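Reading through the structure tokens given below for one structure.
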Amino acid sequence: MVDIHFGKKTLRFRFIDIFTLVILIIIYTLVVVVREGTPLYTTIENISQWSRDIGTNSTNYLLISFLISIIGNSSVMIIIPYVLVIYTLTIENPHAWIWIGLLSGLGAALGEFISYYIGRLIGSVKSVKESEVGEKFHRMKEQFERNPRVVPLIVFVFAASPLPDDMILVPMGLMKYPYYKTFLPCVIGKTILTGITCFLGYVVGSIDPNFFEDVANYYWWGKILFLFRPSETVNPQTDLISFSSVFIFIWIFLSINFDKMMRRRSKERKEFEKILLQGGIFTFDEFIEKFKIINREKFKGFMTELVEKLPHLSQKEDKYKIEPTISKKEAYKRSFEFAEYFFSTESKKDEKKKEKRKREKKRKKGISDGGSE
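The sequence shown begins at -5 in the working numbering and counts up one residue at a time.
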């Protein structure tokens, strides 16, 4: 993170924000300064022509669509916009859009198989397991373990959308969920996604190029659409602008906080928000029973800290009084703080250790009772 101060205001930028901004500045500077006949223009033109020749070769475009889909889906926490690649390949080869869609869907599903086994690896390597990325995947794993029956449906939804599948397949590897149960919905979902993408490429590739010029003359948004029109000639400036969309696409998806999305939908957060809005007096044991807490001491310390933060929450001995004067917006915000306990890997570890000690104590007690008889 990098903080930039403007008087009293502070703007916080991530590395990906700065990296994307620098790349876009370089690309758009080239768009402005590059001129026909210069060595730089010729170099970009040759690269564009080379990539186009590869994409239009009858053997290459099918192989590329299959391989790029495998690579794009086997990378964990790194987004490779394979959808944009197969879209471009289909524009260049609209007659083969069905084959490109089918091969891309199969390749994408095979790529996810690698993500699944990376999850198995994270589950076995202690250093990776305890890292920040490992903690995020463990939180997802706990959500899936609560509702195992909906896992195939979730796989299908993520596979049929541009959402990063790592967020679900890596946790499934962690929990050793049978991959064969997810492979079919993954193949169907990926084939639907790539099929729709290829169909759009087919439509755009089949349109008369003059159509884009006519639209650009009458509508302001047509000028943007004109930049991405299919063309038989190579235009380095247009290709540079199209290339910049790859970095914009990656930045958008890396900016989505999936961990926060899961926390927003968590049962514990919703329950506590409801309690804050209704108000009332609750005993510590009622919280323990309602939220199925095992480590009482750890949770008690957490609640003590929460009382200090929330003006509407007070504590007297083992009773908590909640004033129903809090606004809905404030209750929503404060419920996130309560949900932190359930999304903390350390809290879950303590809970599991406590549960294990309880089981061992019961087992030893059973042995001693049997021996005394």
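Quick reminder that beta carbons are idealized off the backbone N, C-alpha and C, glycines included. Predicted model only: the values in this text are computed from it and were never measured.
Excluding its 5 nearest sequence neighbours in each direction, Q231 has C-beta neighbours in its own chain below 7 Å: V25, V28, listed in chain order. Just measuring C-alpha positions, the residue of F276, S68, E280 sitting nearest Y111 is S68. Straight across, the Cα-Cα distance linking Y35 with T23 is about 13 Å. Contact check for T191 against Y76 fails: the beta carbons are separated by 7 Å or more. Note that the C-beta distance between F241 and T14 is below 7 Å. If only uninterrupted alpha helix (DSSP H) runs of at least 4 residues are considered, those enclosed by the stretch 236 to 323 are 252 to 258, 261 to 272, 278 to 284, 290 to 303.
Taking all protein chains in view, the Cβ of N141 is surrounded by fewer than 16 other Cβ atoms within 10 Å, so the residue is classified as exposed. The C-beta of P33 has fewer than 16 other C-beta atoms within 10 Å across all chains shown, which makes the residue exposed. Where K175 is concerned, the enclosing alpha helix (DSSP H) starts and stops at 174 to 200.
A straight line joining the alpha-carbon of G295 with that of V301 spans about 10 Å. In the three-state scheme derived from DSSP, where H, G and I count as helix and E and B as strand, T23 is classed as helix.
The beta-carbon distance between F60 and L18, rounded to whole angstroms, is 30 Å. This is too long to meet the 8 Å contact definition. Following the DSSP letters along the chain, one finds T4 inside the beta strand (DSSP E) bounded by residues 3 to 7. For the options G167, E106, E283, the alpha carbon positioned closest to that of F150 is the one of E106. Ranking I92, R263, K175 by CA distance to the CA of G189 puts I92 first. Apart from sequence neighbours up to five positions away, the residues of its chain that approach Y196 with a beta-carbon distance below 7 Å are T84, P88, W91, ordered along the chain. Around the C-beta of F9, fewer than 16 other C-beta atoms lie within 10 Å, and the residue is accordingly described as exposed. Annotated as proximal: L163 and S109, with beta-carbon spacing under 7 Å.
The alpha-carbon separation between Q309 and V144 amounts to approximately 39 Å. The three-state reading of DSSP puts D159 in coil, since its state is none of H, G, I, E or B.
With a cutoff of 7 Å on beta-carbon distance, A333 and R263 are scored as near each other. The criterion of a C-beta distance shorter than 7 Å is satisfied by C180 and A153.
Between the alpha carbons of V209 and D202 lies a distance of about 12 Å.
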